[in-house]
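One structure is given here, and the rest of the page talks about it.
Numbering (this note's numbering), first residue to last: 37 to 500.
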């Protein structure tokens, strides 16, 4: 009996020790969870999707946009044109790390907080590997930062299509650096930043629906492109001398890469791998397809045959127009937006451009400026709370659903984007022109940007 009692007491002590160790382990685990804080909210699936999306958006710049624009110019300018896009991949990245991320997504102060961020995140200070809860609660802050960087890269690169074949490389670099600071950063902050004037998800005064950059990316770049084209003047010989694309094949490949990359651009803007990303993915594809058909059909009716260049231009126009709406509309709404944009942008390129006679070399304004404006307004019409109840459960989102005032907010957002693009671009152009000059000489333009700006040729058929 005594032995059994000893055994029982010994077992009891073991159980007590085991229970004590278990409680200590639980306490340590709880303390560890409190120490890591927001890191515990990170979803590996969301993070993986966002990193892939960032890569897809970068692919839209190079090789996508570089090939698309490169094929549209004359062969003596292909490297100069592609180099402009490539330069943005390098220069804007460094600028983003130093200051423009802070200006776009940092917290502003005082009366300017609704228009521009502060300098607290300069040199990426305070940009963590844990989530920034206001922006994306399930991915690291640096993932959000690098994803947004890819938008900042492609936006100024789009402008290059308007001044193709006639701007100095040095002037382009200075212009783009200033433009990223003066135009892109405040617009991104107003639409997406904490405390932004137009931020629909964080209580902006004029909540503008812009899921992936209709106003921030396409309206600003497209309108700025028109201003640059008008300021610089026409290319030598335009429009009397034919200036057809030297390789529609390259542009075709570039457009297809843009289409694929745009899934990261739009569906990635859900900032997670959930059903909203699926909706944006589907809408992106449907919008592009409908616009390609719309442009090609309009061209077929007018010219008697559809062109490959027209079809791919239509697809890009649809991708532009569906961008602000991609996370707010149904697939049928996406089809309507794409169809309207395809026909509308075609008319801008073949009718309006000819009426006014401006030399928007690669139709950056006709596709991005016009398509972005159309898309932003149509978003206010077709937005549906069943897809994204951004204003709260049970509240209408778009005009056709009953929120008639949303179109007004969309128009306010478009008006601000147009204003800041026109005024900011004019000021920058004037400053750069006075400092170093904008345009290459006539001899350099005749020779081509490849030789005059970079000392090399894209094609060497003699030694092939």
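Heads up, the beta-carbon is just placed ideally off N, CA and C, and yes, glycines get one too.
Check                                                                                                                                                    : Outcome
For the alpha helix (DSSP H) containing residue 227, name the first residue and the last one.                                                            : 221-228
Could you say which of 202, 128, 182 lies nearest to residue 478 if we only look at CA atoms?                                                            : 202
Which word fits residue 395, buried or exposed, when buried means at least 16 other C-beta atoms lie within 10 angstroms of its C-beta?                  : buried
Kindly indicate the opening and closing residues of the alpha helix (DSSP H) around residue 478.                                                         : 478-483
With three or more C-beta pairs closer than 8 Å as the rule, is the region 132-140 touching the region 148-164?                                          : yes
How big is the Cα-Cα spacing for residue 268 and residue 492?                                                                                            : 25 Å
Kindly confirm or deny that the region 315-331 and the region 362-377 touch, where touching means at least three C-beta pairs closer than 8 Å.           : yes
Do residue 353 and residue 332 have their beta-carbon atoms positioned less than 8 Å apart in this structure?                                            : no
Are residue 411 and residue 360 close, meaning C-beta to C-beta below 8 Å?                                                                               : yes
With contact counted as at least three CB pairs below 8 Å, one residue from each stretch, are the region 482-492 and the region 114-124 in contact?      : yes
Please report how far the alpha carbon of residue 99 lies from the alpha carbon of residue 438, in whole angstroms.                                      : 42 Å
In whole angstroms, give me the CA-to-CA distance for residue 72 and residue 80.                                                                         : Confidence is the limiting factor: at residue 72 the pLDDT is only 35, short of 50, which leaves the residue's position unreliable and the question unanswerable from this model.
So is residue 165 buried or exposed if we call it buried at 16+ other beta carbons inside 10 Å?                                                          : exposed
With DSSP collapsed to three states, give me the class of residue 425.                                                                                   : coil
I need the straight-line Cα distance from residue 171 to residue 498, nearest angstrom please.                                                           : 55 Å
Please state the DSSP three-state secondary structure of residue 208.                                                                                    : helix
Is the beta carbon of residue 191 sitting closer than 8 Å to the one on residue 257?                                                                     : yes
DSSP on residue 172, reduced to helix/strand/coil?                                                                                                       : strand
What ranges does the alpha helix (DSSP H) occupy inside the region 384-427, keeping only unbroken runs of at least 4 residues that lie completely in it? : 389-392, 406-418
Measuring only the C-alpha atoms, how far is residue 298 from residue 434?                                                                               : 24 Å
From which residue to which residue does the alpha helix (DSSP H) around residue 116 run?                                                                : 114-131
To the nearest angstrom, how far is the alpha carbon of residue 264 from that of residue 495?                                                            : 29 Å
Measuring alpha carbon to alpha carbon, tell me which residue in 452, 199, 383 is nearest residue 337.                                                   : 383
I'd like to check one pair, residue 369 with residue 350: are the Cβ atoms closer than 8 Å?                                                              : no
May I have the straight-line CA-CA distance separating residue 180 from residue 119, to the nearest angstrom?                                            : 27 Å
Beta carbon of residue 107, beta carbon of residue 290: below 8 Å?                                                                                       : yes
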